[in-house]
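Worksheet: one structure, shown below.
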Ligand code: IPE
Ligand code: IPE
Ligand code: MG
């Protein structure tokens, strides 16, 4: 494959888990773990972009993460705000388009503005599309899609899979081929419930701050050793 050709994987999604345990093992506060975890994002984005994979989705904050202590939540919001602002020049220079997946309205207003600015500034970029799932929940996404469809008063037998897909946050984005979860847990935690119907999973015991671009390459190699059947023989 030449460096210019598009990668056979269209979409990788990552559940970036394990910041808290990384901090605890290293004798640091959970907030330091989140700082390290946030810093780790760029090298993975860089690698996916170099590989000419078209879509990367990163799970940064779930609808259930609001149930964490207030200080941890506000630290996460501030880290994400800083990271979006700090990375903007890099994203533009790398031709990366950023799309937010989730509900913006309940995020702090400074973060909403930063996300909006980043989406606008990168919207015409044609390289990697980086989807940032932030205040994202798969069940909320499906419920909202159904509510939007019903608001047009369709007759029930007119509703199709396509209608549901077109009203998800991920409208127009192919389903993930590969979903990586770091941190050792083997669960989906409300991530891309609809879109993952036929995704391959790769579970890594590495904690997110320790997950490198080499580990990403290893996950991709594993993906290519699998046989996807989609229900066929
Ligand atoms: C992932 O790391 C980051 C978020 C969920 C926001 P965790 O904070 O969940 O780390 P662990 O699972 O407690 O180690
Ligand atoms: C999933 O991790 C959410 C993110 C990585 C943003 P969690 O740490 O919230 O998941 P659970 O609670 O272990 O299922
Ligand atoms: Mg966790």
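In my numbering, the protein residues as written are 96 to 328.
Virtual Cβ for every residue (Gly too), placed ideally from N, Cα, C.
Check: residue i C-beta below 8 Å from any heavy atom of ligand 1
| i | result |
| --- | --- |
| residue 79 | A query on residue 79 cannot be resolved here, the shown segment of the chain reaching from 96 to 328 and no further. |
| residue 116 | yes |
| residue 195 | no |
| residue 122 | no |
| residue 282 | no |
Rounded separation between residue i and residue j - CA only
| i | j | result |
| --- | --- | --- |
| residue 301 | residue 322 | 25 Å |
| residue 269 | residue 277 | 22 Å |
| residue 114 | residue 125 | 7 Å |
| residue 218 | residue 201 | 23 Å |
| residue 297 | residue 286 | 14 Å |
| residue 188 | residue 107 | 22 Å |
| residue 325 | residue 168 | 39 Å |
| residue 275 | residue 309 | 14 Å |
| residue 328 | residue 231 | 35 Å |
| residue 177 | residue 304 | 18 Å |
| residue 157 | residue 245 | 25 Å |
| residue 210 | residue 151 | 17 Å |
| residue 288 | residue 203 | 26 Å |
| residue 130 | residue 258 | 39 Å |
Any non-hydrogen atom of ligand 2 closer than 8 Å to residue i Cβ
| i | result |
| --- | --- |
| residue 267 | no |
| residue 172 | no |
| residue 234 | no |
| residue 110 | yes |
Alpha helix (DSSP H) segment containing residue i, residue limits
| i | result |
| --- | --- |
| residue 143 | 125–145 |
| residue 116 | 114–120 |
| residue 244 | 233–245 |
| residue 318 | 308–319 |
| residue 209 | 204–217 |
| residue 170 | 165–188 |
Check: residue i C-beta below 8 Å from any heavy atom of ligand 3
| i | result |
| --- | --- |
| residue 77 | Absent from the model: residue 77. The displayed extent of the chain is 96 to 328, so no value can be given. |
| residue 159 | no |
| residue 145 | no |
| residue 134 | no |
N- and C-terminal bounds of the beta strand (DSSP E) containing residue i
| i | result |
| --- | --- |
| residue 274 | 273–276 |
| residue 296 | 295–298 |
Residue i at chain D interface by Cβ criterion, 9 Å
| i | result |
| --- | --- |
| residue 208 | Structure shown: chain D not included; a single protein chain is present. |
- [ ] Examine the Cβ distances between the stretch 248–256 and the stretch 119–139 and report whether three or more of them are shorter than 8 Å.
- [x] no
Task: Inter-stretch contact at 8 Å, needing at least 3 Cβ pairs: the stretch 192–199 / the stretch 160–167 - done: no
Task: Touch test, the stretch 236–251 against the stretch 117–124, Cβ-Cβ under 8 Å, three pairs minimum - done: no
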